[in-house]
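S.K.: Mapping the sequence shown onto our numbering, position 436 (from 1) lands on 888, and the numbers just tick up by one. Ideal Cβ placement from N, Cα and C applies to all residues, glycine included.
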Amino acid sequence: MLGDDMPWLVPLFFGSIAIWMFPKSVETFARNKSESLLRALRWLPFALLAVIISLRVSAIFSHDTTHIEVASYLQTDSTTIDRLHVLFAGDGLVEWMVLPLVYLFAWNGQGSRRAWTTQGLHKLKRTLALMLLVSSTLLFDDSAYIVPETMPMLSMAAPIVDVWSVVFLILAEIVVITGLFTAYVPSRGLQRYRERYFIPASPLVLTAFAYLFMAHFSSGVFDTSWWSDPRQDDAYATLWLWIFVAFNLHIFAAPQREIDAHLGAGNGRSKALAWSIGVAISLLILTTALLMHNQQTPDATAVQTSLWLAGWMAILMAGVLLLPLVGFDDGSRPELNWVRWSLMFGPLLLFLVFDHAPFLLLGSWFAIMATTPLSWMWEDSAPSPSTTHIATITMLSIATLIFVLMRGEGLRYAIPMGALLCFVSSMLDVRHATLSRQ
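(1) State whether the stretch 850-869 contacts the stretch 736-749, with contact taken as three or more CB pairs (one from each stretch) at a distance under 8 Å.
(2) Check whether the Cβ atoms of L738 and G798 lie closer than 9 Å to each other.
(3) Taking the alpha-carbon positions, what's the F811 to K485 distance?
(4) With distances taken between CB atoms, is the gap from S587 to T690 smaller than 9 Å?
(5) Check whether the Cβ atoms of R792 and Q684 sit closer than 9 Å, and answer yes or no.
(6) Determine, using beta carbons only, whether H668 and P868 come nearer to each other than 9 Å.
(7) If we count the other Cβ atoms within 10 Å of its Cβ and call it buried at 16 or more, is E487 buried or exposed?
(8) Could you check where the alpha helix (DSSP H) with P682 kicks off and where it finishes?
(9) Among T844, W472, G870, which has the Cα closest to the Cα of L880?
(10) So L420 packs on M765, CB below 8 Å; how close in whole Å?
(11) Are the beta-carbon atoms of A558 and I469 separated by less than 9 Å?
(12) So, E787 versus L857, is the Cβ gap smaller than 9 Å?
(13) Any idea if I747 is buried or exposed, counting beta-carbon neighbours within 10 angstroms, 16 or more meaning buried?
(14) Is A770 a contact residue of the ligand MN, with contact defined as CB to any heavy atom under 8 Å?
(15) Q527 by DSSP, collapsed to three states: which one?
(16) Report the rounded CA-to-CA distance for H808 versus P682, giving the unit in angstroms.
(17) Could you check which residue in R721, F875, A871, H574 has the C-alpha nearest to that of M829?
(18) Specify the secondary structure class of G561 as computed by DSSP and reduced to three states.
(19) Can you name the start and end residues of the alpha helix (DSSP H) that N484 belongs to?
(20) Which one of G561, T630, I626, H537 has the shortest CA to CA distance from D964?
(21) Use the C-beta contact count for I504: other C-beta atoms within 10 angstroms, 16 or more gives buried, fewer gives exposed.
(22) Does R644 pass the burial test, meaning 16 or more other C-beta atoms within 10 Å, or should it be called exposed?
(23) Starting from Y636 and walking both ways along the alpha helix (DSSP H), at which residues does that stretch end?
(24) Verify whether the separation of the beta carbon atoms of I695 and V628 is less than 9 Å.
(25) Considering only residues of the same chain and omitting the five flanking positions on each side of L621, which have a CB-CB separation below 7 Å?
(26) By how many angstroms is the C-alpha of T753 removed from the C-alpha of K575?
(27) In terms of residues, what are the limits of the alpha helix (DSSP H) holding F674?
(28) Since I believe F665 is in contact with A871 (beta carbons under 8 Å), could you give me their beta-carbon distance rounded to a whole number of angstroms?
(29) If I'm right that L826 touches S728 with Cβ under 8 Å, what's the distance once you round it to whole angstroms?
(30) Could you work out which residue in F704, D832, A698, A732 is closest to A822 when comparing CA atoms only?
(31) So that I know if they touch, is there some Cβ in chain D lying closer than 9 Å to that of T630?
(32) May I ask you to report which of helix, strand or coil DSSP gives E710?
(33) Going by DSSP in three states, G542 sits in which element: helix, strand or coil?
(34) Going by beta carbon distance, what residues of the same chain come within less than 8 Å of L773, once the five residues before and after it are set aside?
(35) Below 7 Å CB to CB, which residues in the same chain sit around A653 once its five sequence neighbours on both sides are set aside?
(36) Taking DSSP as the reference, what is the three-state secondary structure of A754?
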């Protein structure tokens, strides 16, 4: 960490990311000045993070006792192996986590210029900037970057690199990056889904998620005991919320983008949007209230807290309806598309402010699953899904909720079972869209 060496590097780093919330404006402005300025702005976040990491490496291997990790974990006779463990598993682990993601601001479709459009790259960078900025105060501990008020009096046991933790982090990076790519790479049509028997993501990605959800099941994060102190491990919880966002991008974003584009001209979209929002908010309120009441989290006011959380999610959903007015017209049905994206990103966004925002996860998944068939049912020109399709998702959703409530273990079972339900729902949606075109 930086200690008292140039603490301004971290806010400058996040400032270099913040400008990519408006990638089109940044690139237009920089290109009008010079190509060199454009390249500099693209590489700035990566370069600043590289400097931050290099300062940390220097402090650890030169045994700078004013550095918080050196004071906490290392002795003057610590071996090189000990220092490497601290470097890769210590307080600066987050730097290694975000390094591959930050590179994407510099990446400009190299090697795939025929596949990527400028608009697609802008959307990828905008989404990535949003994820990193929302997570910044949760991932980066201020006390580790700005001069800490107190230094540890005694050395603590140094962290050790665990092989399975490395595998976990690599898979998490893979699913996040490939999720962003999948959501924004130009469409290749529904043929690839038909060839996969309507599977909404590649078998390799699904295998990675299967491993990650097994790791979640044994990790204890979001289980019953975790809620006694939700801020006990913000960085780890935020990493899991990243994984859930990546899951949403793989399972919902890309399939729905292609599905909506091939299901009618959109007559009756206003009615479908109204019903979709109404049902989504109802499911969100009901599911979140039941889960929090079941856990009595945070206390006897669980239902009141759940209504507060769901209310903020509803405000977010209402706010994004204005985005098409300012140019964010993603998808063939931009209003409904942004409502879905608010549900996909909502728990991560609200976790920045509300400790118990992860309780919104299951309700958000239920809401996303409901919006797709509902929009087809109410749009005049879109073929309605079969009764079997609707009944299957409804019964499986009810069964999942009942099982989770009966287990009473927080989100430990809710997340893997909800994810499996999302996978089945997306398969049925892709199947319906594919067969409707034949």
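M.R.: Looking at the coordinates:
(1) yes
(2) Here residue 738 is taken as the residue at index 286 of the sequence shown, counted from 1. Here residue 798 is taken as the residue at index 346 of the sequence shown, counted from 1. Result no, Cβ atoms of L738 and G798 do not sit closer than 9 Å.
(3) The residue you call residue 811 lines up with position 359 of the sequence shown. The residue you call residue 485 lines up with position 33 of the sequence shown. Answer to the nearest angstrom: the Cα atoms are 47 Å apart.
(4) On the sequence shown, position 135 is the one that residue 587 refers to. On the sequence shown, position 238 is the one that residue 690 refers to. Yes, the pair counts as a contact, with Cβ atoms nearer than the cut-off.
(5) Residue mapping note: residue 792 aligns to position 340 of the sequence shown, counting from 1. Residue mapping note: residue 684 aligns to position 232 of the sequence shown, counting from 1. No; because the gap between Cβ atoms is not below 9 Å, this pair is not in contact.
(6) Start at 1 with the first residue of the sequence shown, and residue 668 comes out as number 216. Start at 1 with the first residue of the sequence shown, and residue 868 comes out as number 416. With respect to the 9 Å criterion, H668 and P868 are classified as neighbours on the basis of their beta carbons.
(7) Here residue 487 refers to the residue found at position 35 of the sequence shown. Exposed is the call here.
(8) Here residue 682 corresponds to residue number 230 of the sequence shown, with the count starting at 1. Looking at the DSSP string, P682 is not in any alpha helix (DSSP H), and its letter there is neither H nor E.
(9) Translated into the one-based positions of the sequence shown, residue 880 becomes position 428. With distances taken between Cα atoms, L880 lies closest to T844.
(10) Residue 420 lies beyond the stretch modelled for the chain, which goes from 453 to 890, so this question has no answer here.
(11) Taking the sequence shown and counting its residues from 1, the one referred to as residue 558 is at position 106. Taking the sequence shown and counting its residues from 1, the one referred to as residue 469 is at position 17. For A558 and I469, no; Cβs fall outside 9 Å.
(12) Position 335 of the sequence shown, counted from the first residue, corresponds to residue 787. Position 405 of the sequence shown, counted from the first residue, corresponds to residue 857. Not a contact, by the Cβ cut-off of 9 Å.
(13) Within the sequence shown, the letter at position 295 stands for residue 747. In the sequence on display, residue 747 carries Gln and not Ile. Counting Cβ neighbours within 10 Å, Q747 comes out buried, since at least 16 surround it.
(14) No copy of the ligand MN appears in this structure; indeed no ligand is present at all.
(15) The residue labelled residue 527 in the question sits at position 75 within the sequence shown. In the structure shown, Q527 sits in coil (DSSP, three-state: anything other than H, G, I, E or B).
(16) Counting from one through the sequence shown, the residue named residue 808 turns up at place 356. Counting from one through the sequence shown, the residue named residue 682 turns up at place 230. Taking the straight line joining both Cα atoms gives about 7 Å.
(17) Within the sequence shown, the letter at position 377 stands for residue 829. Of the candidates R721, F875, A871, H574, the one whose C-alpha sits nearest the C-alpha of M829 is R721.
(18) Locating residue 561 in the sequence shown gives position 109, counting from the first residue. Of the three classes helix, strand and coil, the one that applies to G561 here is coil, per DSSP.
(19) Here residue 484 refers to the residue found at position 32 when the sequence shown is read from its first residue. Counting along the chain, the alpha helix (DSSP H) containing N484 begins and ends at 475-485.
(20) In the structure as shown, the chain begins at 453 and stops at 890. Residue 964 is therefore absent and cannot be evaluated.
(21) Counting from one through the sequence shown, the residue named residue 504 turns up at place 52. Classification of I504: buried, given that the 10 Å Cβ count is 16 or more.
(22) Within the sequence shown, numbered from 1, the residue matching residue 644 stands at position 192. R644 comes out exposed.
(23) Position 184 of the sequence shown, counted from the start, is the residue given in the question as residue 636. Looking at the DSSP string, the run of the alpha helix (DSSP H) that includes Y636 is 615-636.
(24) What you label residue 695 is simply residue 243 of the sequence shown in a count that begins at 1. What you label residue 628 is simply residue 176 of the sequence shown in a count that begins at 1. Yes, Cβ-Cβ distance for I695 and V628 is below 9 Å.
(25) Walking along the sequence shown from the start, residue 621 turns up at place 169. Within the same chain, L621 has close Cβ partners M549.
(26) In the sequence shown, residue 575 corresponds to position 123, counting from 1. In the sequence shown, residue 753 corresponds to position 301, counting from 1. Looking at the two C-alpha atoms, the distance is approximately 40 Å.
(27) Working through the sequence shown from its first residue, we reach residue 674 at position 222. Taken as a continuous stretch (DSSP letters only), F674 belongs to no alpha helix (DSSP H), as it is neither H nor E.
(28) Start at 1 with the first residue of the sequence shown, and residue 871 comes out as number 419. Start at 1 with the first residue of the sequence shown, and residue 665 comes out as number 213. About 6 Å separates the two Cβ atoms, so the contact holds.
(29) Taking the sequence shown and counting its residues from 1, the one referred to as residue 826 is at position 374. Taking the sequence shown and counting its residues from 1, the one referred to as residue 728 is at position 276. Sure, about 5 Å apart at Cβ, within 8 Å.
(30) As a first step, residue 822 is located in the sequence shown; it is residue number 370 there, counting from the start. Minimum Cα distance to A822 is reached at A732.
(31) In the structure shown, chain D does not exist; there is a single protein chain.
(32) The count along the sequence shown starts at 1 and reaches residue 710 at position 258. Three-state DSSP puts E710 in a helix.
(33) By 1-based counting over the sequence shown, the position of residue 542 is 90. The three-state reading of DSSP puts G542 in coil, since its state is none of H, G, I, E or B.
(34) Position 321 of the sequence shown holds residue 773. Within the same chain, and ignoring the five residues on either side of L773 in sequence, the residues whose Cβ sits closer than 8 Å to its Cβ are E787, W790, V791.
(35) Position 201 of the sequence shown, counting from 1, holds the residue named residue 653. Correct list, in chain order: H702, I703.
(36) Locating residue 754 in the sequence shown gives position 302, where the first residue counts as 1. DSSP places A754 in helix when its eight states are reduced to three.
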